[in-house]
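Q: Residue numbers (our numbering), protein chains in the order written: chain A, 836 to 951; chain B, 11 to 127.
Quick one: this structure, given as structure tokens, is what I'll be asking you about.
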């Protein structure tokens with residue numbers, strides 16, 4: 836059971852380049868999330884997917900797009916990277932549904948992205 | 011709107027002493043509360059949660075948290091700190107703002123816990 840996996844672990848981009856961060860979970864969870872973590876800012880939600888086939892904006896969605904490819908996979912795309920997107924990106928998943936009380940999220944190891 | 015506050019950026023404790031990491035919350039209705047820990051260069055790890063029932067919740071690594079409704083607090087505690095407990099700790103609350111946000115949780119800003127030998 837790998838839990839939540841993310842690729843790549845590290846990435847350096849030049850301003851204007853694009854890339855996709857991949858995330859997969861093997862826990863059969865309904866919901867998946869993308870966060871960014873910056874020093875002194877805590878965790879900020881970029882996008883989330885409450886269930887397969889749905890995606891919603893979080894707190895800081897500008898400059899990002901997402902795809903919930905299937906129940907397992909949730910990708911984050913930067914179309915035109917900017918230095919302000921230098922951050923550590925975390926993917927998470929949760930069983931969360933209205934019928935359960937299991938709302939805790941499980942996190943991947945993160946992707947450290949630098950945009951120059 | 012739901013929120014959590016962690017009033018201390020840093021907490022310093024000697025090894026073997028009890029530790030407390032503070033968290034207060036603001037929610038409408040009954041809160042779902044969580045604690046997470048982040049070790050250097052790692053993702054967040056779930057420690058424990060409060061949904062309902064006993065106000066003292068036990069979690070991983072010997073941690074526990076006390077839910078206090080009158081003080082709207084959910085402080086993380088451990089009777090005897092270890093150097094290996096040094097990490098960043100996040101308090102979080104479930105977002106109760108409607109179906110589309112039903113699965114979101116809101117994180118506090120984090121408290122860095124440092125345990126000295």
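The C-beta atom is built at its ideal place from N, Cα and C for all residues, glycine as well.
1) Should residue 853 of chain A be labelled buried (16 or more other beta-carbon atoms within 10 Å of its own) or exposed?
2) Taking the beta carbon of residue 847 of chain A as the centre, do at least 16 other beta carbons fall within 10 Å, making it buried, or is it exposed?
3) In chain order, what residues of the region 847 to 878 of chain A put their CB closer than 7 Å to some CB of chain B?
4) Are any of the Cβ atoms in chain B nearer than 7 Å to that of residue 929 of chain A?
5) Residue 86 of chain B touches chain A at which residues, Cβ-Cβ below 9 Å?
6) Checking contacts by CB at 7 Å: is residue 944 of chain A closer than that to chain B?
7) So is residue 126 of chain B in contact with chain A if we call contact Cβ pairs under 7 Å?
8) Taking the alpha carbon of residue 13 of chain B as the point to measure from, which residue in B:55, B:43 and B:26 has its own alpha carbon closest?
9) Please say whether residue 891 of chain A and residue 899 of chain A have beta carbons closer to each other than 7 Å?
10) Are there 16 or more other CB atoms within 10 angstroms of the CB of residue 912 of chain A, so buried, or fewer, so exposed?
11) Per DSSP, what kind of secondary structure is residue 83 of chain B in: helix, strand or coil?
12) Determine the contact status of residue 909 of chain A and residue 867 of chain A, defining contact as a CB-CB distance below 7 Å.
13) Take residue 876 of chain A as the anchor and find which of B:127, B:126, B:124 and B:118 has the nearest alpha-carbon.
14) Since residue 30 of chain B sits in a beta bridge, which residues does DSSP pair it with?
15) Using three-state DSSP, classify residue 95 of chain B as helix, strand or coil.
A: Working from what's here:
1) exposed
2) exposed
3) 866, 877 and 878
4) yes
5) The premise fails here: residue 86 of chain B is roughly 15 Å from chain A at the closest Cβ pair, so nothing lies under 9 Å.
6) yes
7) no
8) B:43
9) no
10) exposed
11) strand
12) yes
13) B:118
14) B:87
15) helix
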